[in-house]
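A.B. asks:
2 protein chains.
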Amino acid sequence: MQLLNLATIRQHLDPAAVMDAIEKAFVKYSAGDVTVPPVGHLPFPTGDCHIKYGYITGDDYFVIKIASGSHGNHALGVSPSSGMMVVCSATTGHPVALLQDEGHLTDLRTAMAGAIAAKYLAPPEVRTIGIIGSGIQAKLQLEYLKPVCACRKVLVWNHRAERHGEFIEFASAAGFTATAADSADDVAAGSDLVVTTTPSTSAMIGSAAVRPGTHITAVGADTPGKQELDAALVARADVLVVDSLSQCTDHGEIQTAVREKTIRASDLQELGNVIAGKAPGRTAPEQITIADLTGVAVQDIAIATSVFAAWQAANGQTGDPSLAVTLPG
Amino acid sequence: MQLLNLATIRQHLDPAAVMDAIEKAFVKYSAGDVTVPPVGHLPFPTGDCHIKYGYITGDDYFVIKIASGSHGNHALGVSPSSGMMVVCSATTGHPVALLQDEGHLTDLRTAMAGAIAAKYLAPPEVRTIGIIGSGIQAKLQLEYLKPVCACRKVLVWNHRAERHGEFIEFASAAGFTATAADSADDVAAGSDLVVTTTPSTSAMIGSAAVRPGTHITAVGADTPGKQELDAALVARADVLVVDSLSQCTDHGEIQTAVREKTIRASDLQELGNVIAGKAPGRTAPEQITIADLTGVAVQDIAIATSVFAAWQAANGQTGDPSLAVTLPG
């Protein structure tokens, strides 16, 4: 089994190739060409461990991701989250690579899904990008929008205003003209493409703030009880796209609207079907579109196998390495 | 994260300490002092990957085991199974050790559970040990019976008689006088302590063959459809002990008897409760006792944390190593 640490992973990560692999993985997911068992969940005293795993039909490898978060870590001076991905041969079952990515690949695949949603759903002209939240995911979402969106103007809001400066500095270094807004509603009112990245448990963006033609990608809500958008805004959207019908109706941004029955399952389109052209997505510039992304194991599979393939290519290795390990005798 | 390969794992494995840890883990399991989510299961074209994981209340670490088996591997010249265990801090959630045991620790913890069952359930005098099957698990079961049973006479039967010679050689080297029998029934008829270790899907031992006073440990049945003992024998047993009530009634040796309603849930005792003295186990020499072992995540937790603790002690390391990794800045 090959071990790849974070530095090696960064070295062999080709964003364009990974984005392409994630798009294809979403298509396979929505077409049902995957095996994605329910997410494993193990609570421990100060946090939770999640195990996401799956197999894309026809792939050479399957992937298991182990990721933990603990709310006590900040006080202990250690990273709040951790993660690793195990790439296993779909021929022998043997592990072939362990990616010690410390959660970085999860951050990246989440940001890339946001970029994919924008690529397919953003209005034709984006004059301002709005970002809610200013943490690592807020920064990555902005960074990965660059290849899919020409706009270089960004409005940001974080509930802790003292963090705006650091985000603006990051955005400037990335080539954006960045300004802080006074509220999430102000961000929404001034932007055509909004990304929400917070762990909020109550709506921050009301329906009244959002102009026709806006696209919103919501990545913050990933467990029951989390919410960033008002349920009335979700109900008002012309196009509702989800990464996973089953996950989003249970614990995504749209969970409240589903529970309050202001939207129906038939209102929802899966991102993979939009990418494949099987679902319409945005059909007019004035439509309000919302993408609710909860994170699907196929993204982890795509990013882990892409990085491993790039590492293999760079190291002159071809084929499934587990086939080269023969039994003694 | 510390990586321990198989050679290092073997070097730091103290069988007596691990057996003790597994006994205590069974007690905690049966007392409900554990979190053991359902086993994760991912099928791939030629096999299956299983993820067993859990947390024993109060432990410093939780453990995730990834194990795969593929029926195509023999023809490919690679090991049929593989496995690894990840030890994570229950304080930070961070992985602290990866045990690349290649499935060896699963083999060992299964054999040790057999020894524990024999320790608590075997008749007072064992004149002959009977082993059904002659593979790695058959050998390990015999080996780990040594500390808990003074008998050094063994009868073996495998459905492929050409394999008897190798088993007899192994048993002799381990200090046993070993003889091959003509059938599983012959083994049962000639033994007081029988261990069945095969992947059989139909009964090999009939009730008529078994003498009063016999103890049988069945470790082969671990999925729906597998069976080694006749359902009438299961129904006749005076004492029925299972490692896990939920697992054994679903996919253990007793599944057929449960389905045919020849035994009731109230007839079953969990091994952890027998060890703790909360369930009676064997109460008379002439009783027939059966232990049905399907393998529980707490065994994996116990063996992985024991090996890691021994490695830490040998390397002058104390405490949770994830607490020593501080954030930059």
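Protein chains in written order, with my numbering: chain P, 2 to 330; chain A, 2 to 330.
In this text, a Cβ means the ideal position worked out from N, Cα and C, and glycines have one as well.
No experiment lies behind these values; they were computed from the predicted model shown.
As an exercise, report each continuous alpha helix (DSSP H) stretch of at least 4 residues that is fully enclosed by the segment 24-92 of chain P, in chain order.
C.D. replies: Fully enclosed alpha helix (DSSP H) runs of 4 or longer: 74-77.
A.B. asks: Drop a sphere of 10 angstroms on the beta-carbon of P/H95, count the other beta-carbons inside from all chains shown, and report buried for 16 or more, exposed for fewer.
C.D. replies: When all chains shown are included, P/H95 counts as buried.
A.B. asks: If you measure between the beta carbons of P/I52 and A/I304, is that distance less than 8 Å?
C.D. replies: Cβ atoms of P/I52 and A/I304: not closer than 8 Å.
A.B. asks: Which residues does DSSP list as the beta-bridge partners of A/Q270?
C.D. replies: Bridge partners of A/Q270: A/V242.
A.B. asks: Comparing alpha-carbon positions, which option in A/F27, A/K227, A/C50 lies nearest A/N274?
C.D. replies: The candidate whose alpha carbon is nearest that of A/N274 is A/F27.
A.B. asks: Helix, strand or coil: which one does DSSP assign to A/G131?
C.D. replies: Here A/G131 sits in strand by DSSP.
A.B. asks: Can you tell me the Cα-Cα spacing of A/A32 and A/T58, whole angstroms?
C.D. replies: Answer to the nearest angstrom: the Cα atoms are 11 Å apart.
A.B. asks: Just checking, does the segment 161-180 of chain A make contact with the segment 91-105 of chain A on the three C-beta pairs under 8 Å criterion?
C.D. replies: No, they do not touch.
A.B. asks: What's the gap between the Cα of A/K66 and the Cα of A/V79?
C.D. replies: Those two C-alpha atoms are separated by around 20 Å.
A.B. asks: Smallest Cα separation from A/T284: which of A/V196, A/L122, A/V127?
C.D. replies: The shortest C-alpha separation from A/T284 is found at A/L122.
A.B. asks: CB-CB under 8 Å to A/A340, same chain, minus the five flanking residues each way: which ones, in chain order?
C.D. replies: Past the boundaries of the shown model lies residue 340 of chain A; chain A is included only from 2 to 330, so the question cannot be answered.
A.B. asks: Pick helix, strand or coil for A/E163, following the three-state DSSP scheme.
C.D. replies: Looking at A/E163 - three-state DSSP - the assignment turns out to be helix.
A.B. asks: When you compare only the Cα positions, how much space is there between P/S1 and P/A68?
C.D. replies: Beyond the ends of chain P as shown, which are 2 and 330, falls residue 1 of chain P; an answer cannot be given.
A.B. asks: Helix or strand or just coil, what does DSSP make of A/V19?
C.D. replies: Of the three classes helix, strand and coil, the one that applies to A/V19 here is helix, per DSSP.
A.B. asks: Using a threshold of 8 Å, state whether the C-beta atoms of A/V240 and A/I255 are closer than that.
C.D. replies: The answer is no: Cβ separation not under 8 Å.
A.B. asks: Tell me which residues of the segment 87-103 of chain P have at least one Cβ-Cβ distance to chain A shorter than 8 Å, keeping chain order.
C.D. replies: Under the 8 Å Cβ criterion, the segment 87-103 of chain P contributes V87, C89, A91, T92, T93, G94, H95, P96, L99, Q101.
A.B. asks: What's the gap between the Cα of A/D321 and the Cα of A/H105?
C.D. replies: Rounded to the nearest angstrom, the two C-alpha atoms are 25 Å apart.
A.B. asks: Any idea if P/K29 is buried or exposed, counting beta-carbon neighbours within 10 angstroms, 16 or more meaning buried?
C.D. replies: With 16 or more Cβ atoms within 10 Å of its Cβ, P/K29 is classed as buried.
A.B. asks: P/S247 to A/T215, Cα distance in whole Å?
C.D. replies: Between P/S247 and A/T215, the C-alpha separation is close to 51 Å.
A.B. asks: To the nearest angstrom, how far is the alpha carbon of P/D244 from that of A/K227?
C.D. replies: One C-alpha to the other measures close to 39 Å.
A.B. asks: In terms of alpha-carbon separation, which member of A/I117, A/R110, A/M113, A/M86 lies closest to A/D102?
C.D. replies: Closest option to A/D102, Cα to Cα, is A/M86.
A.B. asks: Identify the continuous beta strand (DSSP E) that holds P/V297 and give its terminal residues.
C.D. replies: Segment: none, P/V297 is in no beta strand (DSSP E) and carries neither H nor E.
A.B. asks: Please report whether the beta-carbon of A/I65 lies at a distance below 8 Å from any beta-carbon of chain P.
C.D. replies: Closer than 8 Å to some Cβ of chain P, the Cβ of A/I65 qualifies, so yes.
A.B. asks: Beta-carbon within less than 6 Å of P/A280's beta-carbon, same chain only, minus the 5 sequence neighbours each way: which residues are those?
C.D. replies: Excluding sequence neighbours, P/A280 sits near Q270, N274.
A.B. asks: Quick check: what's the CA-CA separation for P/G330 versus P/A76?
C.D. replies: Reliability of the predicted coordinates at P/G330 is poor, the pLDDT of 46 falling under 50, and the value obtained from them is presented with this limitation in mind. Using only the alpha carbons, I get a separation of about 53 Å.
A.B. asks: When you check each C-beta in the segment 35-48 of chain A against every C-beta of chain P, which residues fall closer than 7 Å?
C.D. replies: Those would be T36, P38, G41, H42, L43, P44, F45, P46, T47, G48, in chain order.
A.B. asks: At which residue ranges does the segment 88-127 of chain P contain complete alpha helix (DSSP H) runs of 4 or more residues, listed in the order of the chain?
C.D. replies: Complete alpha helix (DSSP H) runs here, min 4: 105-122.
A.B. asks: Please tell me whether P/Y30 has its Cβ less than 8 Å away from any Cβ of chain A.
C.D. replies: Not one chain A Cβ lies under 8 Å of P/Y30.
A.B. asks: List, in chain order, every chain A residue whose beta-carbon is nearer than 8 Å to that of P/I52.
C.D. replies: In chain order: G41, I52, Y54, I65.
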